[in-house]
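Numbering (this note's numbering), first residue to last: 3 to 625. As structure tokens, the structure follows; a few thoughts come after it.
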Amino acid sequence: MKGIKIAFYTILIISGGLLLTYFLLPTGPRDPMEFDDPQGKRRPVTTGDDFMVVTGTPWATDTAVGVLRKGGNACDATVAALLMINVTYGEAASFPSVAPLLHYDARTRRIRSYSGVGTAPKGATIDFFKDQGYDAVPRRSILAQLIPASPDAMISLLQDCGTMGFAELAAPSIEMARNGFPVHNSMLENFEMGMLTRLGFTILMPYNAEVYLNGQWWRPLHHGDRFKRPDLARTLEDLAAAEKQALQSGLSRNAALQEVRNYFYEGPIAKKIVDFHKKEEGLITAEDLAGYRGSWDEPLEVQFGEYTVLTNPTYTQGIALLLALKILEADREYLRQAGHNSPEYAHRVLQAIELAMADREAYAGDPAFVDVPLKELLGPDYAKKRRSLLQETAFAQTPPALTLDDSTHASHDSYDSSSELTDDEQSFLFPGKDTSYISIIDSQGNAISLTPSDFPISPMIPDTGLTLGIRMTQFRLQPEHPSSLEPGKRPRITPHAVMVLKNGKFYMSCGTPGGEMQTQATLQFLLNHILFEMDPQKAVEAFRFRSRNWPDAFSPHEYLPHTIELEESLARILKRPLEEKGYEVNVFPDYRKRFGAVGAAIQGETRLLGAADPREETWARGD
Numbered sequence: 003m004k005g006i007k008i009a010f011y012t013i014l015i016i017s018g019g020l021l022l023t024y025f026l027l028p029t030g031p032r033d034p035m036e037f038d039d040p041q042g043k044r045r046p047v048t049t050g051d052d053f054m055v056v057t058g059t060p061w062a063t064d065t066a067v068g069v070l071r072k073g074g075n076a077c078d079a080t081v082a083a084l085l086m087i088n089v090t091y092g093e094a095a096s097f098p099s100v101a102p103l104l105h106y107d108a109r110t111r112r113i114r115s116y117s118g119v120g121t122a123p124k125g126a127t128i129d130f131f132k133d134q135g136y137d138a139v140p141r142r143s144i145l146a147q148l149i150p151a152s153p154d155a156m157i158s159l160l161q162d163c164g165t166m167g168f169a170e171l172a173a174p175s176i177e178m179a180r181n182g183f184p185v186h187n188s189m190l191e192n193f194e195m196g197m198l199t200r201l202g203f204t205i206l207m208p209y210n211a212e213v214y215l216n217g218q219w220w221r222p223l224h225h226g227d228r229f230k231r232p233d234l235a236r237t238l239e240d241l242a243a244a245e246k247q248a249l250q251s252g253l254s255r256n257a258a259l260q261e262v263r264n265y266f267y268e269g270p271i272a273k274k275i276v277d278f279h280k281k282e283e284g285l286i287t288a289e290d291l292a293g294y295r296g297s298w299d300e301p302l303e304v305q306f307g308e309y310t311v312l313t314n315p316t317y318t319q320g321i322a323l324l325l326a327l328k329i330l331e332a333d334r335e336y337l338r339q340a341g342h343n344s345p346e347y348a349h350r351v352l353q354a355i356e357l358a359m360a361d362r363e364a365y366a367g368d369p370a371f372v373d374v375p376l377k378e379l380l381g382p383d384y385a386k387k388r389r390s391l392l393q394e395t396a397f398a399q400t401p402p403a404l405t406l407d408d409s410t411h412a413s414h415d416s417y418d419s420s421s422e423l424t425d426d427e428q429s430f431l432f433p434g435k436d437t438s439y440i441s442i443i444d445s446q447g448n449a450i451s452l453t454p455s456d457f458p459i460s461p462m463i464p465d466t467g468l469t470l471g472i473r474m475t476q477f478r479l480q481p482e483h484p485s486s487l488e489p490g491k492r493p494r495i496t497p498h499a500v501m502v503l504k505n506g507k508f509y510m511s512c513g514t515p516g517g518e519m520q521t522q523a524t525l526q527f528l529l530n531h532i533l534f535e536m537d538p539q540k541a542v543e544a545f546r547f548r549s550r551n552w553p554d555a556f557s558p559h560e561y562l563p564h565t566i567e568l569e570e571s572l573a574r575i576l577k578r579p580l581e582e583k584g585y586e587v588n589v590f591p592d593y594r595k596r597f598g599a600v601g602a603a604i605q606g607e608t609r610l611l612g613a614a615d616p617r618e619e620t621w622a623r624g625d
């Protein structure tokens, strides 16, 4: 009884102390800044005659516009925009992030993919995690960190097709990180944490909390708070200084850019990453960092009527978009006749998405490690076989993927429908996960589509502002899975870039954040624009649906059979009819980022067009 009393009074004292702290310490805004937040606001299509920029934040868009006005090209503007997103939306697309991209060269009329996806450290094996007692790669752990990719991608892009230097392109982001920017709605949503969650975040990840909560767990973020990233500013300054020193010593532009890369992967920054991993029993070594190289690859593509849709190879989930389009290609007239976002239309598109995602789970993985039968999967015969599985009612579980001889490859039983967040995960979810997007067409007609991502759910590298993210959690610890963990392998990540040709000519650069929603949001946008001839902004703003009927790409790979989500305005039309077809329907407010945030830059017949999704701060500008 005495022990119970002591415990009771201890809890009472701690609770009282927390309440006293909450009421006595400041909880209001921090140095508020004026900001007209575009999130949630509809707008007309953006037009331009010289260039078009669409990015995930207004500051990144403005930065890219400044580069293009100074004579830089799409590659230069992309690097500047990416660094600004790393600052102004760093909890969604951190430095150094994953950064898969597509590049269109107007002179050669060629589209190439750059991987922008890190690899697993050499010490990362399935046996290692199993021996630690894990059934999936843990989140909120240093073990979730992949070899960083975006510095390599940026330098490769500048060396291959850029004209400007890293220091000049990084200058606006360094200034913004030092002086601050206003907290925006998407950032608020990502950090929508109660007081106890903020306290838990601070205890478990003190440096992350220092960066994102200013070390004040009792004080929530407020819209318009001035938010600074001084440590990240210093890190970017150090990288810029490495380039300047190399140029002063007489090295060429490309050699100086290589020195920026070396400073990160083999120099002082690498040492800080390795030292922290040694201290925290992580896996990344100096050899892992020095040995990392991204690669230029051929993109995947399919025809959809007069359009050719291209995306990154199978180290991303982009193939699922192509598979869904192939299933729906023969149904174009049916979809038009059914009517946009009618129950029949939504049901057919949802089933195509679910069939494509089943194939993603069965086949897609790093092509350096996995023999993916692309010719067969993207061919007309396989699409026809998949279409034969379409039915009048909802799939009760993830539909099976087929082997090439028509037998079942991945049965329903191979998915664990009981996979849910553990009590530990639910108690402190911490910042929300997200991604961002960049789409640029320059005055010469060159274009970039890039989808950067990563978030501060694992420990950040102290005193650097670096967030290595949790992309190791997109590996599986089952050897038979195409995205199974192996040293040196890329996980099959959700971010992917998209480009579209029309009658063989470059037409569009597009993409979106959203994890499992990325393929679904891009598919619905393309159908809106291509089948229903909506202008790109209306196509972006149209209400969306979302399926959850397959294992989530992130551990613990949550799986919600026959479950879909609808934006509230769409639910008024679709909820009852889809429930009658067997779907479990969840409804969410309109224009929230869980339904994606599509950006698109289009080479129109007479002018450039831009579309920016109001579900986030996505912003388009043309000139």
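Backbone N, C-alpha and C fix where the C-beta goes; we use that ideal spot for every residue, glycine too.
- Query: Can you name the start and end residues of the beta strand (DSSP E) that N588 belongs to?
  - Reply: 586-590
- Query: Just how far apart, CA to CA, sit M474 and G490?
  - Reply: 12 Å
- Distance CB(F665)-CB(Y209) smaller than 8 Å: The requested residue 665 does not occur in the structure, where the chain is confined to residues 3 to 625.
- Message: Just to check my reading of the structure: K504 and Y309 have Cβ atoms closer than 8 Å, yes? What is that Cβ distance to the nearest angstrom?
- Response: 6 Å
- Message: Between which residues of its own chain and F306 is the CB-CB distance below 6 Å, once the five residues before and five after are set aside?
- Response: L327, E331
- Message: What does the alpha-carbon distance come out to for the pair Y265 and T318?
- Response: 28 Å
- Message: On the DSSP letters alone, give me the boundaries of the alpha helix (DSSP H) that W61 sits inside.
- Response: 60-71
- Message: Report the start-end ranges of each alpha helix (DSSP H) in the stretch 102-166 that is 4 residues or longer and not cut off at the edges.
- Response: 128-133, 152-163
- Task: From the DSSP output, read off the bridge partner residues of R362.
- Result: The partner list for R362 (beta bridge, DSSP) is empty, contrary to what the question assumes.
- Task: Find the nearest neighbour of R32 within the set F545, G226, R334, P458, judged by alpha-carbon distance.
- Result: G226
- Query: From F534 to G73, what distance separates their C-alpha atoms?
  - Reply: 37 Å
- Could you tell me whether the stretch 447-458 touches the stretch 92-109, where touching means 3 or more Cβ pairs closer than 8 Å? yes
- Task: Kindly identify the DSSP beta-bridge partner or partners of Q605.
- Result: L610
- Query: If you check the beta carbons only, do I329 and S549 fall under 8 Å apart?
  - Reply: no
- Task: Would you kindly work out how many angstroms separate the C-alpha atoms of G68 and R111, rounded to a whole number?
- Result: 26 Å
- Message: Cutting at 6 Å between CB atoms, please list the residues of its own chain near P369, excluding the five before and the five after it.
- Response: P315, T316
- Task: Using a threshold of 8 Å, state whether the C-beta atoms of V47 and L159 are closer than that.
- Result: no
- Query: Would you call L572 buried or exposed, if buried means 16 or more other Cβ atoms sit within 10 Å of its Cβ?
  - Reply: buried
- Query: Is it right to say E543 is buried, meaning 16 or more other beta carbons lie within 10 angstroms of its own, or is it exposed?
  - Reply: buried
- Message: Is it buried or exposed, Q134, if we count other Cβ atoms within 10 angstroms and call 16 or more buried?
- Response: exposed
- Task: With DSSP as the reference, label Q218 as helix, strand or coil.
- Result: coil
- Query: DSSP on E245, reduced to helix/strand/coil?
  - Reply: helix
- Task: Check M510 in the structure and name its three-state DSSP category.
- Result: strand
- Expressed to the nearest angstrom, what Euclidean distance is found between the alpha-carbon atoms of F37 and P184? 7 Å
- For the alpha helix (DSSP H) that I329 lies in, which residues bound it at each end? 320-331
- When you compare each of Q250, I321, I205 to L379 by their alpha carbons, which one comes out closest? I321
- Message: Please report the distance separating the alpha-carbon of F477 from that of H564.
- Response: 24 Å
- Message: Applying the 10 Å Cβ sphere with the 16-neighbour rule, what's the burial state of S2?
- Response: Here the chain covers residues 3 to 625 and nothing more, so residue 2 does not appear.
- Rounded Cβ spacing between P454 and T437 (contact assumed at less than 8 Å): 7 Å
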